[in-house]
Amino acid sequence: MTALKMIGIGLAAVLLGSTAVSAKTLVFCAEGSPENFTPALNTTGTSLDAARPVFDQLVEFERGSTTLKPGLAESWIISPDGKTVTFKLRQNVKFGATREFKPTRDFNADDVLFSFHRQSDEQNPYFKVSGGKYDYYNDMDMPKLLTSIAKTDDHTIVMTLSEPNVAILANLAMDFATIQSAEYADYLLKKGKPEQFDQVPVGTGPFVFASYQKDAVIRFKANPAYWGGKPAIDDLVYAITPDPTARVSKLKTGECQVAPFPRPADIPELQNDPNLNVLSQPGLNIGYLAFNAAKPPFDKKEVRQALSMAIDRKAIITQVYGQSGQMAKNLIPPTMWAFNDKVTDYPFDPAKAQALLKDAGVSGPLDIDLWYMPVQRPYNPDAKRMAEMMQSDLAKVGVNAKLVTYEWGEYRKRLQNGEATAALFGWTGDNGDPDNFFFFLGCIDGKPAASNVGKWCDPTFNANLAKARQANDQAERTRLYGEMQVIEHDQEPVLNIAHSLVYEPVRKEVVDFKMSPLSRQQFDGVDLK
Amino acid sequence: MAAELSARADGPAARLPAAPAPPSAFRNFWSSFGEGKGAVLGLAIVAFVALLAIFAPLVAPHSPIEQFRDAVKAPPVWQDGGSWRYVLGTDGVGRDMLSRLIYGARVSLFIGLSVMCVSFVVGVVLGLASAYFGGVVDVLITRLMDRIMSVPDLVLAILAVAVLGPSLVNTIVAVTIVYVPRYVRLVRGSALAELDKDYVMAAKVAGVGPLRLMLSTILPNCLAPLIVQAALGLSDAILEAAALGFLGLGAQPPTPEWGAMLADSREFIRSQPWIVTFPGLAILITVVSINLLGDGLRDAFDPKMRRG
Numbered sequence: 358m359t360a361l362k363m364i365g366i367g368l369a370a371v372l373l374g375s376t377a378v379s380a381k382t383l384v385f386c387a388e389g390s391p392e393n394f395t396p397a398l399n400t401t402g403t404s405l406d407a408a409r410p411v412f413d414q415l416v417e418f419e420r421g422s423t424t425l426k427p428g429l430a431e432s433w434i435i436s437p438d439g440k441t442v443t444f445k446l447r448q449n450v451k452f453g454a455t456r457e458f459k460p461t462r463d464f465n466a467d468d469v470l471f472s473f474h475r476q477s478d479e480q481n482p483y484f485k486v487s488g489g490k491y492d493y494y495n496d497m498d499m500p501k502l503l504t505s506i507a508k509t510d511d512h513t514i515v516m517t518l519s520e521p522n523v524a525i526l527a528n529l530a531m532d533f534a535t536i537q538s539a540e541y542a543d544y545l546l547k548k549g550k551p552e553q554f555d556q557v558p559v560g561t562g563p564f565v566f567a568s569y570q571k572d573a574v575i576r577f578k579a580n581p582a583y584w585g586g587k588p589a590i591d592d593l594v595y596a597i598t599p600d601p602t603a604r605v606s607k608l609k610t611g612e613c614q615v616a617p618f619p620r621p622a623d624i625p626e627l628q629n630d631p632n633l634n635v636l637s638q639p640g641l642n643i644g645y646l647a648f649n650a651a652k653p654p655f656d657k658k659e660v661r662q663a664l665s666m667a668i669d670r671k672a673i674i675t676q677v678y679g680q681s682g683q684m685a686k687n688l689i690p691p692t693m694w695a696f697n698d699k700v701t702d703y704p705f706d707p708a709k710a711q712a713l714l715k716d717a718g719v720s721g722p723l724d725i726d727l728w729y730m731p732v733q734r735p736y737n738p739d740a741k742r743m744a745e746m747m748q749s750d751l752a753k754v755g756v757n758a759k760l761v762t763y764e765w766g767e768y769r770k771r772l773q774n775g776e777a778t779a780a781l782f783g784w785t786g787d788n789g790d791p792d793n794f795f796f797f798l799g800c801i802d803g804k805p806a807a808s809n810v811g812k813w814c815d816p817t818f819n820a821n822l823a824k825a826r827q828a829n830d831q832a833e834r835t836r837l838y839g840e841m842q843v844i845e846h847d848q849e850p851v852l853n854i855a856h857s858l859v860y861e862p863v864r865k866e867v868v869d870f871k872m873s874p875l876s877r878q879q880f881d882g883v884d885l886k
Numbered sequence: 020m021a022a023e024l025s026a027r028a029d030g031p032a033a034r035l036p037a038a039p040a041p042p043s044a045f046r047n048f049w050s051s052f053g054e055g056k057g058a059v060l061g062l063a064i065v066a067f068v069a070l071l072a073i074f075a076p077l078v079a080p081h082s083p084i085e086q087f088r089d090a091v092k093a094p095p096v097w098q099d100g101g102s103w104r105y106v107l108g109t110d111g112v113g114r115d116m117l118s119r120l121i122y123g124a125r126v127s128l129f130i131g132l133s134v135m136c137v138s139f140v141v142g143v144v145l146g147l148a149s150a151y152f153g154g155v156v157d158v159l160i161t162r163l164m165d166r167i168m169s170v171p172d173l174v175l176a177i178l179a180v181a182v183l184g185p186s187l188v189n190t191i192v193a194v195t196i197v198y199v200p201r202y203v204r205l206v207r208g209s210a211l212a213e214l215d216k217d218y219v220m221a222a223k224v225a226g227v228g229p230l231r232l233m234l235s236t237i238l239p240n241c242l243a244p245l246i247v248q249a250a251l252g253l254s255d256a257i258l259e260a261a262a263l264g265f266l267g268l269g270a271q272p273p274t275p276e277w278g279a280m281l282a283d284s285r286e287f288i289r290s291q292p293w294i295v296t297f298p299g300l301a302i303l304i305t306v307v308s309i310n311l312l313g314d315g316l317r318d319a320f321d322p323k324m325r326r327g
C-alpha cells in the first residue's frame with residue numbers, strides 16, 4: 358500500500374517535473390527566406406531578422422525603441438574632438454556552439470576586428486566570400502569615416518574617425534556592425550569551406566542556430582550561456598510563410614504565435630479575434646516612387662513634378678493602406694525631430710500636370726516603365742495594386758506606364774544599377790536618426806550611392822548631408838535637414854507616398870513582445886504563458 | 020468551332036437533291052452529337068461566351084479598365100449594399116467586375132483559339148512531313164517533340180515566358196510550344212496508318228504529287244481525331260494561360276485576364292469573397308463547357324461509339 362503510494366507520488370512528481378521543464382516553443386511566421394545569415398551582406402529586413410537571434414553588436418537598441426544601450430561593449434568614451442571612440446568590451450561572453458564547431462575561447466577584441474575588417478579590408482580572406490558586397494557599410498560612408506580600428510588590449514577597441522559623426526553609435530547598433538566569431542572564421546578557412554560561415558552562423562546572441570531549410574523553416578535554441586541571461590523561451594522557430602493569407606490562418610489556428618505584415622484587408626478581422634492582440638506602431642518608414650533622374654525626360658524636374666501631381670495619392674492610401682497609411686510630404690516621418698512642416702505638399706492636379714509636361718517639352722504620349730516590387734514591405738502592403746492605380750492616373754495625363762516587376766533580389770539589383778525609369782521602393786529606418794533617411798538620396802564623391810535608386814545628385818543637398826553629420830547641435834542639424842527637405846521637395850527626385858502604421862498580430866499567450874519602430878523582429882525577453 | 024464544322028459538313032448535303040435516301044453527314048453528326056445532353060449544354064454555353072466576347076463593347080456596362088474610386092470593392096447586387104450599377108460588384112481598385120469578366124472572355128478565348136489554330140497548323144505540317152518523308156526528318160521531328168513532352172507543361176510554359184518576357188503574345192507562343200507535340204504525334208500516327216492503305220497507293224500510281232497526296236488525300240482522313248483534340252486543347256490552352264496569368268506571367272495589367280484577376284484578389288478571400296469567386300467561376304464554367312463539347316464531338320466522330 359505504502360509502496361503503491363510511493364510510486365504514485367513518484368509518478369506525480371515526474372509528471373509535474375516534466376511539465377515544469379517542458380520546452381517553450383515560440384513559432385514566428387516569417388514572410389520570406391533569408392539570403393544568408395551574415396547581416397553585413399544583406400539589406401532586407403527578412404534576412405536581418407533571420408540572423409538577429411544569433412548575434413550581438415557593440416552597441417544595441419533597447420528592445421522596442423531607438424534608445425541605445427551597451428551591448429558587447431560595456432562602456433565607451435568619445436574623445437573631446439569627437440574623432441576617437443574607445444570601447445571597453447564585455448568579458449566572459451561565450452559564443453554559441455554548432456554541431457560542427459565548438460568555440461574554445463571567449464569573445465574578445467579579435468572578433469570585433471575581424472567583423473569590421475571583413476567589410477573594409479580587401480586582404481581579409483573573407484572579403485570576397487558570398488559575393489562580398491557590403492552595401493550598408495559602404496552606403497553609411499564607413500570606408501571614409503573609419504580611418505582605423507585597433508585593439509589596445511584583448512578587451513579594448515579604439516576607433517579613429519576621419520571626422521566627427523554624431524550618428525556613429527547609432528550606426529554601430531545597426532545589423533551590419535554585428536560581431537561574428539573570428540575563431541570560427543579561421544576554423545572554416547582551414548577546412549576550406551569559408552562559404553559555410555554565412556550559412557551556419559555562430560554568434561554571441563540570445564539564441565543558437567540549429568538548422569535551416571530554405572523556404573520552410575529556421576530553428577534556433579536558447580543560448581543558456583547568454584551574457585544577458587538565458588531567454589525565457591527554449592526554442593525559437595521561424596516558419597517561413599510568404600503568403601499573407603496563409604500567415605493569418607496559421608496565426609488563428611495557433612500554428613504560429615507571431616506573424617508580421619498582415620494585409621490591411623485582414624486587420625479588422627484580426628482585431629475581432631479574442632485570441633489575438635493586434636499591436637501597432639507608426640513605422641519609421643517611407644514608401645515612395647523614385648524617378649530615374651539619369652534617364653530623359655526625368656532629368657527635368659518639371660516632368661518629375663508633373664507626374665507627382667498626376668497621381669491621386671489620397672485614393673491610393675485609402676485603397677492600398679486602409680487605416681494604416683499616412684500621406685507623406687517629406688522623406689522623414691512627422692514623428693522625427695527634423696521634420697520640416699513648412700513644406701507644402703503637391704496637390705493632385707491632372708490639368709496642371711499636363712500643362713507642366715507641355716512646358717517641359719514632352720509632347721505626345723510619354724512611355725515609361727513603372728516598376729513595382731513583387732513582395733509586401735512594411736512601407737508598402739501591396740505594390741502591384743498601387744502601380745495599377747498609378748497607371749490609371751497617369752494614362753489620364755497622356756503617360757503610358759508599362760508595369761514591370763522582377764524577383765525581389767533581382768529587382769533591387771536592377772534598381773540599384775539604375776535600369777528603371779520610375780520605380781516603387783521604400784525605406785525603413787534602422788537607427789532612428791534622420792541621417793539614416795537622408796543618406797539614401799545622397800551621393801558619395803558625386804556618384805549616386807547604391808541605395809540612391811533615383812540616381813539624383815544635388816550639390817547643396819549633399820553638402821548639407823555631410824555638414825549635418827558633423828554638427829553636434831541639434832538646432833543646427835534641424836536647420837540643415839529643413840533645407841534639405843525644401844530642396845528635395847523642389848527637385849522631387851522621389852514622390853513621397855506614405856508612412857505606414859505597422860501592424861503585428863500576436864497570440865494572447867505571448868508575453869512582452871515589443872514591436873520595434875525600426876521594424877525589427879526580436880525575441881529575447883519574450884515569454885509564453 | 021462547332022459552327023465552322025457544321026457549315027463544312029452542311030455543304031455537300033445542301034448540294035444533294037432532296038432525296039430521302041442516306042441521311043446527310045450533318046444530320047448524322049447532329050443525331051449522335053445531340054444524344055449527349057451535356058454536349059448540347061456545353062455547345063450552348065460556349066456559344067454564349069463566344070457571343071459575349073465578340074460583342075463585349077456592346078454588352079459590358081462599363082470600361083474594363085476604368086477605376087471607380089468612389090465604389091471600390093462594391094458588393095454584387097444581391098448582397099447588402101449592392102447596386103444595379105455594378106451588377107457583380109467591383110474589384111480591389113474599383114473596376115466593374117462584370118465588364119472585366121466579359122472582356123476577360125475575349126482575352127481567354129483569343130488565347131485559346133490562337134493557340135489552337137497555330138498548333139493545329141504547325142502540328143499538321145510537322146506531323147505529315149514526319150510521316151511522309153520518314154528517315155532523318157522523322158527522327159528529328161519526333162525526338163524534338165519527345166524532348167518537349169518530357170518537360171512538365173507548366174514548367175515549360177514558364178520557362179518560355181521567362182525567356183521571352185511576360186506579355187499576351189508571348190503567353191500564346193509559350194502555350195503553343197507546349198501543345199504542338201500532341202498534334203504532331205496525332206497527325207503522324209494517323210497519317211502512318213493511312214499511308215499503307217490501298218487508296219493512297221492508287222493515288223500514288225495515278226501520279227499524284229507529294230503535296231497534293233499529303234494535303235488532299237491523306238489529311239482529310241486524319242481529321243476526326245484532330246478536331247476532337249483541337250476542341251479539348253482549347254480548354255487546356257485557356258487553363259494554361261490562366262495559370263500563367265495567375266503567376267503574373269501572362270497578360271499584363273490592366274488587361275482583364277481571368278487568371279490574373281484571380282491572383283490579384285486572393286487577399287479578399289476572407290473579407291470580400293465575391294471578388295475572388297467570379298473569375299474562378301468564369302474559368303470553371305468555360306473550361307467545363309468546352310470539355311463537354313469536346314466529349315460530344317468525340318462521341319459523334321468515333322464510329323465505334325456511334326449507334327445505328
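Order-wise, the sequence lines are chains A and B.
For any residue, its number in the numbering used here is found by taking its place in the first sequence, counting from 1, and adding 357.
For any residue, its number in the numbering used here is found by taking its place in the second sequence, counting from 1, and adding 19.
Yeah, the Cβ is synthetic: ideal placement off N, Cα and C, and Gly gets one too.
In the three-state DSSP reduction, A/LEU852 falls in the strand class (E or B). For B/GLN98, there are no C-beta contacts with chain A under 7 Å, since the nearest C-beta of that chain is about 17 Å from it. Per DSSP, the continuous alpha helix (DSSP H) segment holding A/TRP765 begins and ends at 765-773. In this structure, the CA atom of A/VAL486 is about 11 Å from the CA atom of A/THR395. Minimum Cα-Cα distance from A/ALA717 among the listed residues A/PRO654, A/ALA685, A/VAL754, A/TYR544 corresponds to A/PRO654.
Of all alpha-carbon atoms in A/ALA579, A/ILE673, A/SER606, the one lying nearest the alpha-carbon of A/VAL594 is that of A/ALA579. Boundaries of the alpha helix (DSSP H) harbouring A/PHE471: 466-477, taken from the DSSP string.
Checking the DSSP bridge columns, you'll see A/MET684 partnered with A/ALA855. Boundaries of the beta strand (DSSP E) harbouring A/ARG576: 574-579, taken from the DSSP string. For the pair of segments examined, the stretch 222-230 of chain B was found not to touch the stretch 239-254 of chain B: the number of CB pairs separated by less than 8 Å stays below three. Below 8 Å, too few C-beta pairs join the stretch 154-163 of chain B and the stretch 298-305 of chain B to call them touching: fewer than three. By the C-beta criterion, the stretch 623-630 of chain A is judged not to be in contact with the stretch 701-713 of chain A, since fewer than 3 inter-stretch pairs fall below 8 Å.
For A/THR598, there is no enclosing alpha helix (DSSP H), as DSSP gives it neither H nor E. Leaving aside the five residues that flank B/LEU175 on each side, the residues in its chain whose CB is nearer than 6 Å to its CB run, in chain order, VAL197.
Secondary structure note for B/LYS56: its alpha helix (DSSP H) is the uninterrupted segment 56-73. Per DSSP, the unbroken alpha helix (DSSP H) holding B/THR195 starts and ends at 187-214. Secondary structure remark: continuous alpha helix (DSSP H) runs of at least 4 residues inside the stretch 781-857 of chain A, in chain order: 792-795, 816-827, 831-848. Exposure of A/SER568 is indicated by the presence of fewer than 16 other C-beta atoms within 10 angstroms of its C-beta. Counting only Cβ-Cβ distances below 8 Å, A/PRO601 has contacts in chain B at GLU286, in chain order. Residue ranges of uninterrupted alpha helix (DSSP H) with 4 or more members, entirely inside the stretch 682-717 of chain A and ordered along the chain, are 707-716. In terms of beta-carbon proximity, B/GLY111 lines the interface with chain A, with at least one pair separated by less than 9 Å.
Under the 9 Å criterion on CB atoms, B/GLN291 is classed as interfacial with respect to chain A. When DSSP states are grouped into helix, strand and coil, A/TYR494 belongs to the helix group.
Judged by DSSP in its simplified three-state form, A/VAL442 adopts strand.
With distances taken between CA atoms, B/PHE139 lies nearest to B/TYR202 out of B/VAL158, B/TYR202, B/ARG166, B/ILE167. Closer than 9 Å at the C-beta level to chain A, one finds these residues of the stretch 84-108 of chain B: ILE84, GLU85, GLN86, ARG88, VAL91, LYS92. Contact check for A/ALA430 against A/PRO617 fails: the beta carbons are separated by 9 Å or more. Residue contact check for A/ARG742 against chain B: a CB pair falls below 9 Å. DSSP places A/TYR544 in the uninterrupted alpha helix (DSSP H) bounded by 539-548. If you ignore the 5 residues before and after B/ILE191, its C-beta comes within less than 7 Å of the C-beta of ILE130, SER133, VAL134, all in its own chain and listed in chain order.
Nearest neighbour of A/GLY682 by Cα position, chosen from A/ASP815, A/ASN642, A/LYS381, turns out to be A/ASN642. In the three-state DSSP reduction, B/GLY154 falls in the helix class (H, G or I). A/LEU636 is outside the set of residues whose beta carbon lies under 9 Å from a beta carbon in chain B. Non-local C-beta neighbours of B/VAL141 in its own chain, meaning closer than 7 Å and more than five positions away in sequence, comprise VAL199, ordered along the chain.
The contact set of A/ASP623 on chain B, defined by CB atoms closer than 9 Å, consists of GLU286, ARG289, SER290 in chain order.
Pairwise C-beta distances place the stretch 693-704 of chain A out of contact with the stretch 769-783 of chain A, as fewer than three of them are shorter than 8 Å.
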